[in-house]
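**Student:**
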Amino acid sequence: MLKFLINKEYGAKHNLKKLVYKINYIQQNDIRHLSNQQIKHKTNQLKKQLHNGYTLDQILPEAFAVAKEAIKRVLKLEMFEVQVMGGIVLHQGKIAEMKTGEGKTIVSILPAYLNCLNNYSVQIITVNDYLARRDYQWVKPVYEFLDLSVGLIQQDMPKEIRKYNYFCNITYVTNSELGFDYLKDNMALNKSEVIQPNFYYAIIDEVDSILIDEARTPLIISGPAEIQTDKYFKSRQISEKLKLELHYEVDEKNKNITLTEKGIIFCETSLDLKNLYDVQDPWIHYIINALKAKELFLKDQHYIITKSQIIIVDEFTGRLMEGRRWSDGLHQAIESKENVPIQKENKTLASITYQNLFLLYDKLSGMTGTAKTEEIELDKIYNLSVISIPTHKPCIRQDFFDLIYKSEYLKWQAIAQECYLINRTGQPILVGTTNIEKSEMLAKMLDIYTIKYSILNAKPENVSREAQIIAQAGQKYSVTISTNMAGRGTDIILGGNAKSITEITLSKYIKDIVLNSLKYSKKQLDIDTKVIHILDKSLKSLKQCTFIQNMPYNQVDSYIAQIPNLQNNNIHSQSLRDVYNEVLLFYKNKFSEDKKEIIKLGGLYVIGTERHESRRKDNQLRGRAGRQGDPGSSRFFLSLDDNLLRIFGGETIKQLVKNLKIDDDIPIESNILSKSLNAAQKKVESHFYDIRKQLFEYDAVINKQRQAIYSERKKILESDFLRDYVLGYAESTTKELLTSSETKRIDDSEILNNIYYIFSIPINWSTKYFMPNYSQSNIVNLYKQIYISYDLKEAYLENLKSGLIRQLEKYYLLEQIDLAWQNHLERMQLLKESISWRSYGQQDPLIEYKNEAFKLFIKMTISIRQNVTYLLLRSRLILNSRK
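When you read off a place in the sequence shown, starting at 1, and then add 969, the result is the number in the numbering used here.
(1) What three-state label does DSSP hand Q1856 in the structure shown?
(2) Are there three or more Cβ pairs, one per stretch, closer than 8 Å when the region 1044-1061 is compared with the region 1085-1104?
(3) So, does the region 1358-1375 touch the region 1407-1425, judging by three or more C-beta pairs under 8 Å?
(4) Can you have a look at S1603 and say buried or exposed, based on whether 16 or more other CB atoms are within 10 angstroms of its CB?
(5) If you drop the 5 nearest sequence neighbours on each side, which residues of the same chain put their C-beta closer than 6 Å to that of Y1418?
(6) Please report the distance separating the alpha-carbon of L1646 from that of I1616.
(7) What residue from S1004, K1017, P1030, Q996 has the CA that sits closest to L988's CA?
(8) Can you tell which of I1816, F1823, L1782, P1080 has the C-alpha that lies nearest to the C-alpha of L1158?
(9) Tell me, please, whether the region 1061-1068 touches the region 1008-1019 by the rule of three or more beta-carbon pairs shorter than 8 Å.
(10) For K1332, name the three-state secondary structure that DSSP assigns.
(11) What residues match up with D1174 in a beta bridge as DSSP calls it?
(12) Out of I1207, H1656, I1678, which one is the CA nearest neighbour of E1221?
(13) Considering only the alpha carbon of each residue, which of I1172, V1837, Q1437, K1068 lies closest to C1085?
(14) Specify the secondary structure class of K1855 as computed by DSSP and reduced to three states.
(15) Taking all protein chains shown into account, decide if T1095 is buried (16 or more other Cβ within 10 angstroms of its Cβ) or exposed.
(16) From the DSSP secondary-structure annotation, give me the bridge partner or partners of V1355.
(17) Pull up the DSSP beta-bridge partners for Q1092, would you.
(18) Cβ of A1648 within 8 Å of Cβ of L1613?
(19) Check each candidate in K1828, Y1330, F1049, N1088 and name the one with the smallest Cα separation from G1856.
(20) Are there 16 or more other CB atoms within 10 angstroms of the CB of H1002, so buried, or fewer, so exposed?
(21) Excluding the 5 residues preceding and the 5 following I1226 in the sequence, name in chain order all residues of the same chain whose CB lies nearer than 8 Å to its CB.
(22) In its own chain, which residues sit with a C-beta less than 6 Å from the C-beta of L1117, not counting the 5 before and 5 after it?
(23) Who are the Cβ neighbours of Q1092 in its own chain at under 7 Å, not counting the five residues just before and after it?
(24) I need the boundaries of the alpha helix (DSSP H) containing E1784, first residue and last residue.
(25) Of the residues T1394, L1769, G1601, I1350, which one's Cα is nearest the Cα of K1662?
(26) Please name the residue in S1320, Q1123, I1040 whose C-alpha comes closest to that of S1191.
(27) How would you label H1020, buried or exposed, when you count the other beta carbons within 10 angstroms and need 16 or more for buried?
(28) Excluding the five sequence neighbours on either side, which residues of its own chain have a C-beta within less than 6 Å of the C-beta of I1462, listed in chain order?
(29) Over what stretch of residues does the beta strand (DSSP E) that includes Y1423 continue unbroken?
(30) Would L1329 pass as a contact of F1149 if the rule is Cβ separation under 8 Å?
(31) Over what stretch of residues does the beta strand (DSSP E) that includes E1218 continue unbroken?
(32) Hey, how far is the Cα of D1154 from the Cα of S1161?
(33) Comparing alpha-carbon positions, which option in T1471, D1297, I1479, Q1312 lies nearest L1554?
(34) For my contact list, D1787 and M1156 are in at a C-beta cut-off of 8 Å; report their separation, rounded to the angstrom.
(35) Would you tell me roughly how many angstroms separate the C-alpha atoms of G1577 and V1400, rounded to the nearest one?
(36) Quick check on this structure: which residue in V1043, S1090, N1087 has the alpha carbon closest to the alpha carbon of I1075?
In structure tokens form, the structure reads like this:
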């Protein structure tokens, strides 16, 4: 089987190379000689070919050749063959695994250009606003050169601008914004409020981060519900008195808390309750959340406090998750623990998992540096195969054996000492930590050694400097401390990133000197003296530049990023370009010399301070070194107190170390230990895969219901005449009432009352023409009477205001669907939480969940139909007129 897979991948790569050769041939012989205007016209010519019956695969060589030439002319970059191979893999709906520094951003241009030629919108999805904006600004000129529109979605963007950007040919957007906008579209009450086009083709950058890491948590739109702050306060007070092991047990592996029998008795006594689990007044939920807040959720690791608010820190990226809250009262429990104002509890209005969100696309693809370790999951859930693209230059990075210390204290001492020794040589160092607390602890240790460093973690003051910190991480003597891959997506270039530092320098200078007229010193601005001299020479022209004088302060950064592509040729914009190019040239020359020295020193040295939950995360950290054939090295410093070894490694590793009888301060470097660590990581990967798989299986049940509801809702939203829809609901309601009378043996008088109540039919008519004979002719008569009742209601409402009945039809239909769906989601959540107990009765919880979910869905649809019919036939509206 393995041999077959290897041969299959070899064959795929061989075919890719043949296609790359064909693309290069067309570019060199046909496209290279065309003028800029002729290349722009190529876009329309290719669209016509598709219209005339050609397929995307048939026009791929020519389209890729056109896009490749556009990149060369606009960005001054000649694409490598391996990059073109990556573009083909993306078009095929697969994942291209391309190592760090291989230029994935421009790779996405090729398939995006090809797939938007059939007039569908293509989304390029990234993990955060910064990366989406950076990529958009960089490649926008290429798309415009090809006569295509390109849009960008950012967090605080108004709805009108969002809609315009979504309907561009290519749109750059984050995964969370895409998901929340999808849910909001399916809550819209007017067709004009829908801002997204149909999902056609998406390219996901850092695909493993989005489809694997973030897939454990569903996207939820919630609204405020009732708040019971006293329960949170009392639960926190009790949790502080409860003792670990005596009253409760902690399962760190599954992040669960279980009360012991003594713990239950203590809580019931403290609260003066007979039953802690009473359904009518449940306290257990509050107690467990208070204990979770106490034991499992730690400040500066899982969250930070800013402006009296609890802000979640993404455990995978180390970034802040503004506006996101833990559900089921956990966030409120943490607010109570930290004595900050407790905000209202949330009620789920709409939700979807990332798995089912991305499965909505007709075609999906992605790119990352690390996906092979998760290829089974990516194939099973998303039907995405992973193709490893060879590097442009061989990777010569050295990955040294892990060093394992007996205690955490000794480990951190060794890391600080290693930083000191390496820093003295001038070799740049990147230290990866797992949380804010540990990054700041290491920073304090480096202060003792008087080592200058940059720190990048989720603290707001550091997040804003992310690009600047990463851009300088490859400079001589630099030490960068970064949490959980913060800054991923920005290359660390040995010597320094000349383009990024030029932009940062100009931005800093313009903001502080030109716009604010501040006095400065070299130290305050942290700009090279020679660069200050270049900028001072141009200060007069910078101050006179109308572009800058009329520019809002918060738009300086984005403007400077576009300077190389400015089309305006007036004297001020030209002088600004000249300043930019002069500073860029200075840094290029300086960093080029520095790079030669750093290469001799061994390139970037990556230090890992703890093994991550998955091998993929460790590979991501190692992958920051050895970019584009550069030298580099990596080593992990570990201790027996690390979470991975402590929770998943078990006693095996500890016993092994004990048997070796080595002094405490001597690290252990062993192949056997490394294998044990890999085995522990595989356990964790398997554990989290099971969590994601279970989430997917359970959400697959509700996803079918979601698609049915959203499809119904969309038809209603796009229709302007819903009379037949409502009458169809009325007929279905009638059938349901008659069926219920037969199955539940309800007497005739109750049926009579229900019909009278819902359809507003005179009771004497029902007695005379319908009851008690349920013949087919009588049922037809009943339908006719319902139509008459509806005609009378329509006439009444039209008399009040023309078109009112049509507005009410749409309003009641959408309102009742939304209300019913929200209540249904709540019931489904309760069902999911309780269904696991059925396994004790030898029943499969998933099958039971499917059966119960189906019954709940049927009940929901029946209630929607009955409520809509009742509201339209029984409503009494009086319009107030102004005197």
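Backbone N, C-alpha and C define an ideal beta-carbon position, used for all residues, glycine too.
All of these numbers come straight from a predicted model, not from anything done at the bench.
**Tutor:** The short version:
(1) An answer regarding residue 1856 cannot be provided, because it is not within the stretch 970 to 1852 covered by the chain.
(2) no
(3) In short, these stretches do not touch, since the Cβ pair count stays below three.
(4) In the sequence shown, the residue the question calls residue 1603 occupies position 634. Under this definition S1603 is a buried residue.
(5) As a first step, residue 1418 is located in the sequence shown; it is residue number 449 there, counting from the start. The answer, listed in chain order, is Y1389.
(6) Looking up residue 1646 in the sequence shown gives position 677. Looking up residue 1616 in the sequence shown gives position 647. About 12 Å.
(7) As a position in the sequence shown, residue 988 is number 19, starting the count at 1. Of the candidates S1004, K1017, P1030, Q996, the one whose C-alpha sits nearest the C-alpha of L988 is P1030.
(8) Residue mapping note: residue 1158 aligns to position 189 of the sequence shown, counting from 1. Among I1816, F1823, L1782, P1080, the Cα nearest to that of L1158 is on L1782.
(9) Not touching, per the Cβ criterion.
(10) Taking the sequence shown and counting its residues from 1, the one referred to as residue 1332 is at position 363. It is a strand residue.
(11) In the sequence shown, the residue the question calls residue 1174 occupies position 205. D1174 pairs with M1336.
(12) Working through the sequence shown from its first residue, we reach residue 1221 at position 252. Per the Cα distances, H1656.
(13) Counted from its first residue, the sequence shown places residue 1085 at position 116. The shortest Cα separation from C1085 among I1172, V1837, Q1437, K1068 belongs to I1172.
(14) Because residue 1855 is not part of the residues shown, which for the chain are 970 to 1852, the question remains open.
(15) Taking the sequence shown and counting its residues from 1, the one referred to as residue 1095 is at position 126. It counts as buried.
(16) Here residue 1355 is taken as the residue at index 386 of the sequence shown, counted from 1. Paired residue(s): I1064.
(17) The count along the sequence shown starts at 1 and reaches residue 1092 at position 123. Answer by DSSP bridge pairing, in chain order: T1140, A1171.
(18) Mapped onto the sequence shown, residue 1648 falls at position 679. Mapped onto the sequence shown, residue 1613 falls at position 644. No. Outside cutoff.
(19) Outside the displayed span of the chain (970 to 1852) sits residue 1856, for which this structure offers no information.
(20) On the sequence shown, position 33 is the one that residue 1002 refers to. It is exposed - the Cβ of H1002 has fewer than 16 other Cβ atoms within 10 Å.
(21) Walking along the sequence shown from the start, residue 1226 turns up at place 257. Contacts found: Y1217, E1218, V1219, D1220, I1257, L1260, K1261, E1264, L1265.
(22) The sequence position of residue 1117 within the sequence shown is 148, counting from 1. Cβ neighbours of L1117 within its own chain (closer than 6 Å, five residues either side excluded): N1138.
(23) The count along the sequence shown starts at 1 and reaches residue 1092 at position 123. If we look at Q1092 and ignore the five residues flanking it on each side, its Cβ neighbours are T1140, V1142, L1147, A1171.
(24) To locate residue 1784, count along the sequence shown from 1; it is residue 815. First-last of the alpha helix (DSSP H) with E1784: 1773-1804.
(25) Numbered from its first residue, the sequence shown carries residue 1662 at position 693. Comparing Cα-Cα distances from K1662 to each of T1394, L1769, G1601, I1350, the minimum goes to I1350.
(26) Taking the first residue of the sequence shown as 1, we reach residue 1191 at position 222. The residue among S1320, Q1123, I1040 with its C-alpha nearest the C-alpha of S1191 is S1320.
(27) Start at 1 with the first residue of the sequence shown, and residue 1020 comes out as number 51. With fewer than 16 Cβ atoms within 10 Å of its Cβ, H1020 is classed as exposed.
(28) Taking the sequence shown and counting its residues from 1, the one referred to as residue 1462 is at position 493. Contacts found: G1443.
(29) For the purposes of this step, residue 1423 is identified with residue 454 of the sequence shown, where counting begins at 1. As written in the sequence, residue 1423 is Ser, which differs from the Tyr given in the question. First-last of the beta strand (DSSP E) with S1423: 1423-1425.
(30) On the sequence shown, position 360 is the one that residue 1329 refers to. On the sequence shown, position 180 is the one that residue 1149 refers to. Result no, Cβ atoms of L1329 and F1149 do not sit closer than 8 Å.
(31) The residue given as residue 1218 occupies position 249 in the sequence shown. E1218 -> beta strand (DSSP E) spans 1217-1220.
(32) By one-based count along the sequence shown, residue 1154 stands at place 185. By one-based count along the sequence shown, residue 1161 stands at place 192. Distance between the alpha carbons of D1154 and S1161 is about 10 Å.
(33) Numbered from its first residue, the sequence shown carries residue 1554 at position 585. Closest option to L1554, Cα to Cα, is T1471.
(34) As a first step, residue 1787 must be located in the sequence shown, where it is residue number 818. As a first step, residue 1156 must be located in the sequence shown, where it is residue number 187. Confirmed, about 6 Å.
(35) Along the sequence shown, read from residue 1 onward, the residue named residue 1577 stands at position 608. Along the sequence shown, read from residue 1 onward, the residue named residue 1400 stands at position 431. If you take the alpha carbons of G1577 and V1400, they lie about 6 Å apart.
(36) Here residue 1075 is taken as the residue at index 106 of the sequence shown, counted from 1. The candidate whose alpha carbon is nearest that of I1075 is V1043.
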